[in-house]
Amino acid sequence: MIKAIKGLHHVTSMASDARQNNMFFTDTLGLRRVKKTVNFDEPSIYHLYYGDETGAAGTVMTYFPFDHMMRGRPGVGEVGETQFSVPKGSLAYWQDRLTAQGVGGIQLDKTFGANRLRFSGPDGDGLSLIETVDDKRSAWNAAGVPDEAAIRGFTGARLSLHDTGAMEELLGFMGYERAEKEGNVTRLLIPNGNGADTIDLEALPQTPVARQGAGSVHHIAFAVENREKQLEVRKALMDTGYQVTPVIDRDYFWAIYFRTPGGVLFEIATNEPGFNRDEDTAHLGEALKLPTQYEPLRNRIEAGLTPLAA
Ligand code: ZN
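Heads up: the sequence shown is residues 1378 to 1687, going by the numbering used here.
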């Protein structure tokens, strides 16, 4: 069994409008934009990263905004809900704040004994805030969100699946332990994680397969400390029969990817080198950073991108 995974690293989704996406995650949710760069395969598209002060693993939501992309259709074989951790007692604040800002899909309920506020991102993204007791992670206090309410990072994510059996087996192999079951949702938990520790598996046997588009999660990444641990994980997965990509340098982490039994794309990403690799922590996310191979095309790339508010 793999013991090197420490919870989530990041969640990457797609959006239809860079400016709207940037406003929502910085001004509405109060996260810090920790990197403004472009897609490695499609440099005319931004890759925007939002998280805590440093973009610590387990806090980072990232987006590819494709102009005018059609909305996805939620379904099985994808991440159905990305869940953020907020302090206990803060959901009334968030309900007022999100309502005042015209956020859709607001719904207050409970999940595994914790208060949860579900809401939709700008493209219908399935998001929620979950009250968490004793989350020791510090918040990025921006956009007027008080410290006693600010987002601490992810608690985890919920995967929507036809059948949860094979996924539960895979996550068990990745070091997750079965914690609880509530209705059609099974909660798994990683021991000694980074705070983004839970994965909920929702069984939806009658639901059609998702069609990916704006508002859909493209992939979900799990954290390992360093490249050495990543190679151990890669070998263990391949020995078990998974088709895993070679290690890919993503500038701020190294990545490997593999497709899981339920269809969800998984990534394993390293905590090293981090987002301060090419700019000071004090100025993360301000300047447009380009992968080295695109630096000669900077003027052309920059001219084609929608300018974003700081
Ligand atoms: Zn990724």
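We treat Cβ as the ideally placed atom computed from N, Cα and C, and that holds for glycine.
Quick one: is the Cβ of T1431 within less than 6 angstroms of any heavy atom of the ligand MG?
-> The ligand MG is not part of the structure shown, which contains the ligand ZN as its ligands.
Pull up the CB-CB distance for L1548 and I1576, whole angstroms please, since I reckon it's below 8 angstroms.
-> The C-beta distance from L1548 to I1576 rounds to 6 angstroms, short enough to meet the 8 angstroms contact threshold.
On the premise that N1561 lies in contact with A1600, defined as a C-beta separation below 8 angstroms, what is that separation, rounded to the nearest angstrom?
-> Between A1600 and N1561 a beta carbon distance of about 28 angstroms is seen, past the 8 angstroms cut, so the two are scored as non-contacting.
Could you tell me whether any non-hydrogen atom of the ligand ZN is closer than 6 angstroms to the CB of E1644?
-> E1644: yes, Cβ under 6 angstroms from the ligand ZN.
Within the same chain, show all residues whose beta-carbon is closer than 7 angstroms to that of R1675, passing over the 5 residues directly before and after it, in chain order.
-> Around R1675: L1667.
Can you tell me the Cα-Cα spacing of L1608 and N1648, whole angstroms?
-> Separation of L1608 and N1648 (C-alpha to C-alpha, rounded to the nearest whole angstrom) is 14 angstroms.
Are the CB atoms of T1563 and T1584 nearer to each other than 7 angstroms?
-> No.
Are I1678 and P1420 closer than 7 angstroms when you measure CB to CB?
-> Inclusion of I1678 and P1420 in the CB contact set at 7 angstroms is warranted, their separation being smaller than that value.
Spell out a yes or no on whether the stretch 1626-1641 and the stretch 1438-1457 are touching, meaning 3 or more CB-CB pairs, one atom from each, closer than 8 angstroms.
-> Yes, they touch.
Drop a sphere of 10 angstroms on the beta-carbon of H1386, count the other beta-carbons inside from all chains shown, and report buried for 16 or more, exposed for fewer.
-> Its Cβ being crowded by 16 or more others within 10 Å, H1386 is buried.
Closest by CA to T1431, which one among E1557, T1622, K1558, N1518?
-> Taking only the C-alpha atoms, the option nearest T1431 is N1518.
From the DSSP output, read off the bridge partner residues of E1508.
-> Listed as beta-bridge partners of E1508 by DSSP are V1463.
Please classify F1643: does DSSP put it in a helix, a strand, or coil?
-> Strand, per DSSP.
8 angstroms contact criterion, which T1508 and L1566 should meet: CB distance rounded | Residue identity check: residue 1508 is Glu in the sequence provided, not Thr. Not quite, the Cβ-Cβ distance comes to about 17 angstroms (not below 8 angstroms), so this is no contact.
Cβ shell of G1482 (< 8 angstroms), same chain only, five flanking positions each side left out = The answer, listed in chain order, is R1495, F1496, S1497, G1501.
Limits of the alpha helix (DSSP H) - the one that L1610 falls within = Before going on, a small fix: residue 1610 reads as Val here, not Leu. Its alpha helix (DSSP H) spans residues 1604-1616.
Please go through the stretch 1421-1499 and give each complete beta strand (DSSP E) segment of 3 or more residues, from N-terminal end onward.
-> Here the runs fully enclosed are 1423-1428, 1437-1442, 1455-1464, 1484-1488, 1491-1497.
Are R1448 and G1651 touching if we call contact CB-CB under 7 angstroms?
-> No, they are not a contact pair.
heavy atom of the ligand ZN below 6 angstroms from T1459 C-beta | For the ligand ZN, not one heavy atom lies less than 6 angstroms from the Cβ of T1459.
At 3 residues or longer, and completely inside the stretch 1540-1613: list those beta strand (DSSP E) runs for me, N to C.
-> Qualifying beta strand (DSSP E) stretches, in chain order: 1554-1559, 1562-1566, 1575-1580, 1594-1601.
Compare the C-alpha of V1463 against each of Y1423, G1503, K1513, Y1629 and name the closest.
-> Taking only the C-alpha atoms, the option nearest V1463 is K1513.
With DSSP run on the structure shown, which of helix, strand or coil describes A1632?
-> Three-state result, A1632: strand.
Opposing strand residues paired with T1389 [DSSP bridges] | Answer is T1439, H1596, bridged to T1389.
Pairwise C-alpha distance: M1400 and L1685 = Whole-angstrom Cα-Cα distance: 9 angstroms.
Among the residues of its own chain, which have a CB less than 6 angstroms from the CB of G1435, if the five just before and after it don't count?
-> Correct list, in chain order: G1384, L1385, G1530, F1531, N1571, G1572, A1573.
Would you tell me roughly how many angstroms separate the C-alpha atoms of V1510 and K1465, rounded to the nearest one?
-> C-alpha separation (whole angstroms): 6 angstroms.
Following the continuous beta strand (DSSP E) through G1534, name the residue where it begins and the one where it ends.
-> First, the residue type needs correcting, since residue 1534 is Ala and not Gly in the sequence shown. Here the beta strand (DSSP E) through A1534 covers 1530-1538.
For D1444, the nearest candidate out of H1424, D1429, R1450 (CA to CA) = Of the candidates H1424, D1429, R1450, the one whose C-alpha sits nearest the C-alpha of D1444 is H1424.
Are the beta-carbon atoms belonging to L1690 and M1544 less than 7 angstroms from one another?
-> Past the boundaries of the shown model lies residue 1690; the chain is included only from 1378 to 1687, so the question cannot be answered.
Within 7 angstroms, strictly: CB atoms of Y1634 and T1617 | No, they are not a contact pair.
Do S1393 and Q1460 have their C-beta atoms within less than 7 angstroms of each other?
-> Going by C-beta atoms, S1393 is not nearer than 7 angstroms to Q1460.
Flag this pair as yes or no: are the beta carbons of R1588 and R1493 separated by less than 7 angstroms?
-> Cβ distance not < 7 angstroms, so R1588 and R1493 don't count as in contact.
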